[in-house]
Structure formats: C-alpha cells, structure tokens
Amino acid sequence: MSSFVTGQIIEARCSRCKDITGHVVMACLDGVPVKVECRACGSVHKYVAPEVHTRPKVEKTVRVKAGHDRAEAVDASVKAEKRAAAPRPTREQQQNARRAEENEQRWTSLVDGRSAVPAAYSMNGSFAVNSLIDHPVFGTGAVIELFPPDKMDVMFRDGVKRLRCVC
Ligand SMILES: [Zn+2]
Numbered sequence: 104m105s106s107f108v109t110g111q112i113i114e115a116r117c118s119r120c121k122d123i124t125g126h127v128v129m130a131c132l133d134g135v136p137v138k139v140e141c142r143a144c145g146s147v148h149k150y151v152a153p154e155v156h157t158r159p160k161v162e163k164t165v166r167v168k169a170g171h172d173r174a175e176a177v178d179a180s181v182k183a184e185k186r187a188a189a190p191r192p193t194r195e196q197q198q199n200a201r202r203a204e205e206n207e208q209r210w211t212s213l214v215d216g217r218s219a220v221p222a223a224y225s226m227n228g229s230f231a232v233n234s235l236i237d238h239p240v241f242g243t244g245a246v247i248e249l250f251p252p253d254k255m256d257v258m259f260r261d262g263v264k265r266l267r268c269v270c
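Written out as structure tokens, the structure reads:
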C-alpha cells in the first residue's frame, strides 16, 4: 500500500462535489491521509478513498420511457426486481388456500364415514341430493344440488363440480 505525504495531491471523494476530485493532503497519519482539501470546491474534510464509494458500476440495461430520465427507469427496474425476488402470497392465493381447506372440510363432512356405496357416475345417470357418486377423475363426491333437467353440483375433495346428469 502506498504511503501519502502532506501536500501531496491525490484523488479522493469530495462530499461537497459528490465526485472524485483532486485533493491536497492536509494531514497524514501513518502515511494515510486523514484530512484533505478539495481543489475543486476548496472544502476541507476527512479523506475518503475514491474506491470506497466507487464500486464498479454495472450499468443495467433499462428501457427509458420518453419523458422519463434514466434514474427513474433504473429505480423502477430495481423495484420490479424486488417484487420478482420476494413473491408474497397474493390475496387471491390466500383465498384459494382457505377455500381449499373449507372444501376439504365440507367434503369430509359430506362423504367421510358414510356407509353408502358411491354410485358410478354417468352422464345418463340420475342421482338424488346427498347421494354419493364415484367419478373417474374427481373421485368420490356427494350430490349437493340438482339443476333440472340435466345438471347437478357435486362436492368433490377439490371443490364443487357441475356435472351432467338426468335429474
Ligand atoms: Zn469538492
């Protein structure tokens, strides 16, 4: 590491210029500048090494809309990135989860523990409210409502399905 001497002109970050500017070293401690004077604005301040604040900037590719400046575009893109990085369950997802749980409970109360043997489902079948049916895709369900002449709602484990039937 290089050593500095008082009076030397070095590059440092100026808090007033908010930039890297030439500074005159006013005071040194163990070869490290502690106090510098900005040659651009004349302010005297603590030495801040240029590399401390000048991380290699990765210029992001952002689309800048007309009427907006790049800073805004970068800001918007950073915000979008944050949103993508931390997906929180949406209200809809929460509602879906709750609904699924309610479905499960309702299905259990309607179907579980029934001694009746579920009737195989058929579009041409005729089913009574509260009877159990066995569907090839949805599994066992309980008929909860009939919609004459040809529809019924059946409570399956993953929700109510409207099926064809002969009412
Ligand atoms: Zn300055």
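Heads up, the sequence shown is in this note's numbering, so the first residue is 104 and it goes up one at a time.
Ideal placement from N, C-alpha and C gives every residue a C-beta, glycine not left out.
Fair warning: this is a prediction, and the values are worked out from it, not measured in the lab.
- Straight through space, the alpha carbons of Glu195 and Arg186 are spaced by roughly 17 Å.
- CA-CA distance, Phe259 to Arg173, rounds to 54 Å.
- For Arg116, the enclosing beta strand (DSSP E) stretches over residues Ile112 to Cys117.
- For Cys131 against Val108, the beta-carbon gap comes to about 6 Å, under 8 Å, which counts as contact.
- For Arg119, the CB falls within less than 6 Å of some heavy atom of ligand 1.
- Going by DSSP, Asp178 is part of the alpha helix (DSSP H) stretching over Arg173 to Ala188.
- A Cβ-Cβ separation of about 17 Å leaves Ala223 out of contact with Asn233 under the 8 Å criterion.
- The C-alpha of Glu175 is placed about 11 Å away from the C-alpha of Ala169.
- Taking 8 Å as the upper bound for CB-CB distance, Gly110 and Val128 are in contact here, some 6 Å apart.
- Taking Arg201 as reference, the option from Ala231, Pro252 and Asp261 with the minimal CA-CA separation is Asp261.
- Per DSSP, reduced to three states, the secondary structure at Val137 is strand.
- When C-alpha distances from Phe250 are compared across Leu235, Val269, Asp215 and Ile123, the shortest belongs to Val269.
- Annotation for Val220: no beta strand (DSSP E) segment contains it, and DSSP assigns it neither H nor E.
- Distances from the CB of Ala143 to the heavy atoms of ligand 1 include at least one below 6 Å.
- Of the heavy atoms belonging to ligand 1, none sits nearer than 6 Å to the Cβ of Thr164.
- For Val127, the enclosing beta strand (DSSP E) begins and ends at Asp122 to Leu132.
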